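Numbering (our numbering), first residue to last: 23 to 381. So the structure is just underneath, and the comments pick up after that.
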Amino acid sequence: GWVPFSKSIHYEQPLMRLRPGIVALLFPSTNFTARSQAFTMKSTSKSLIPLVKIACNTDENPPSKDTSRSLVHALQNSGFLLVQSPLLTPDIQERAIIAAKTFLESGKSDAVSEHPSDPKRYAMLETIEEGEDDLKEYMCILKKIKMDVLRHISVGLGMKSVDFFAKLHDENNDTLRLINYYPTGDDTGNRCKEHSDYGTITLLSTDGVSGLEAFHDGEWIPVPHVKGTLVVNIGTLLSGWTKGNLKATLHRVAGPASLHNQSIKEELLAACKHTRTSLAFFADPNEDISTMLSGGGNDEDEGLIEALHGMSVSEYVEWRSGGSAKDKDRTGIGFTSEEKNTLDKLNSPSRRDGENETT
Numbered sequence: 023g024w025v026p027f028s029k030s031i032h033y034e035q036p037l038m039r040l041r042p043g044i045v046a047l048l049f050p051s052t053n054f055t056a057r058s059q060a061f062t063m064k065s066t067s068k069s070l071i072p073l074v075k076i077a078c079n080t081d082e083n084p085p086s087k088d089t090s091r092s093l094v095h096a097l098q099n100s101g102f103l104l105v106q107s108p109l110l111t112p113d114i115q116e117r118a119i120i121a122a123k124t125f126l127e128s129g130k131s132d133a134v135s136e137h138p139s140d141p142k143r144y145a146m147l148e149t150i151e152e153g154e155d156d157l158k159e160y161m162c163i164l165k166k167i168k169m170d171v172l173r174h175i176s177v178g179l180g181m182k183s184v185d186f187f188a189k190l191h192d193e194n195n196d197t198l199r200l201i202n203y204y205p206t207g208d209d210t211g212n213r214c215k216e217h218s219d220y221g222t223i224t225l226l227s228t229d230g231v232s233g234l235e236a237f238h239d240g241e242w243i244p245v246p247h248v249k250g251t252l253v254v255n256i257g258t259l260l261s262g263w264t265k266g267n268l269k270a271t272l273h274r275v276a277g278p279a280s281l282h283n284q285s286i287k288e289e290l291l292a293a294c295k296h297t298r299t300s301l302a303f304f305a306d307p308n309e310d311i312s313t314m315l316s317g318g319g320n321d322e323d324e325g326l327i328e329a330l331h332g333m334s335v336s337e338y339v340e341w342r343s344g345g346s347a348k349d350k351d352r353t354g355i356g357f358t359s360e361e362k363n364t365l366d367k368l369n370s371p372s373r374r375d376g377e378n379e380t381t
């Protein structure tokens, strides 16, 4: 079965807990409230969304049990964490981000599209050959990190085989989405609407422009940015596969006027004046995964069979993304009933009326 873990996870250099008087001495400012809020938010984000360093895995060097449990604990708690791998250097990541921004701005590829509702331009790359050299290198590296993360998840959950998830993702059924969010005004709400991802795992690089938030315990928590790391979160397919043990968390890119956020408004005001570039690597299982499962009532297979609702992987992705890419009425996202209920409550008139100036 799926093994819960309760081990506390923190950054290797945790923030000090300081009394208010000491904080005031360290941060002498008339804007003490904003600084205090920033201090609290960073501390909260780091405890909920920890940084975990992983190693490259081989048969001779399997994932560490402690590291794997740390990684899984974060995915059980907030559904988000930062992962640092020796395979991805800050330089390689930065070159990929620059290449993505250039690719989207050039207008030379038919793959580039304008989003119908959010202020952004994007492209979906399904093969390595579609990208420029720096993007090809980046995609090759993320395919390896994907397998390392999946092996850590297997170990952290106490699976019978370290390669349980990895062997079902070895056909590179992956997609890299390049996104440029346009600069906007001070009255901007979400730059990317609330959604959860729908595959197995997402590996995300951003240029550090603020705005990414994860929904946790009724609040929108800012996701920290650390250069050279990847933001990792769970898709609904893996969440269903583990029968909800791992969380597929709603997230968004907030603007200054977004509702209910816990980000610092000054940071969001500054962020919306800049183009924001991100690279989202979506990992999905092998297309014929249903035929690869044991089908013998195995608990480790049962969850995925239930999550797919009798659909193939491609049919499931099409449903969760709101329709076929060729469908003119495609919404871009299909919510689960639980997510829809959550968003309906969040966006209800009573919650809107309760907004204050700090949101």
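Ideal Cβ positions, reconstructed from N, Cα and C, are used throughout, including at glycine. Predicted model, so just to flag it, every value in this text is computed and none were measured.
| Item | Value |
| --- | --- |
| N- and C-terminal bounds of the alpha helix (DSSP H) containing residue 294 | Per DSSP, residue 294 belongs to no alpha helix (DSSP H) and is neither H nor E. |
| Continuous beta strand (DSSP E) stretch holding residue 236: start and end | 234-238 |
| CA nearest to the CA of residue 137, picked from 204, 296, 246 | 204 |
| Range covered by the beta strand (DSSP E) that runs through residue 286 | No beta strand (DSSP E) contains residue 286, which DSSP labels as neither H nor E. |
| Distance CB(residue 231)-CB(residue 298) smaller than 8 Å | yes |
| Residue 118, DSSP secondary structure in three states | helix |
| Identity of the residues DSSP links to residue 255 by a beta bridge | 102, 224 |
| Residues that residue 214 bridges to, as DSSP identifies them | 275 |
| Beta carbon of residue 307 nearer than 8 Å to that of residue 174 | no |
| Straight-line gap, residue 384 to residue 67 (C-alpha atoms, nearest Å) | Nothing in the structure corresponds to residue 384, since the chain is present only between 23 and 381. |
| Which of helix, strand or coil DSSP assigns to residue 136 | strand |
| Start and end residues, alpha helix (DSSP H) containing residue 146 | Here residue 146 belongs to no alpha helix (DSSP H); instead the beta strand (DSSP E) covers 142-147. |
| Buried or exposed (CB count within 10 angstroms, at least 16 for buried), residue 139 | exposed |
| Neighbourhood of residue 207 by C-beta, 8 Å cutoff - its chain only, sequence neighbours within 5 removed | 294 |
| C-alpha distance - residue 363 paired with residue 239, whole-angstrom precision | 14 Å |
| Which listed residue (216, 194, 269, 115) has its alpha carbon closest to that of residue 258 | 269 |
| Boundaries of the alpha helix (DSSP H) in which residue 160 is found, first to last residue | 155-178 |
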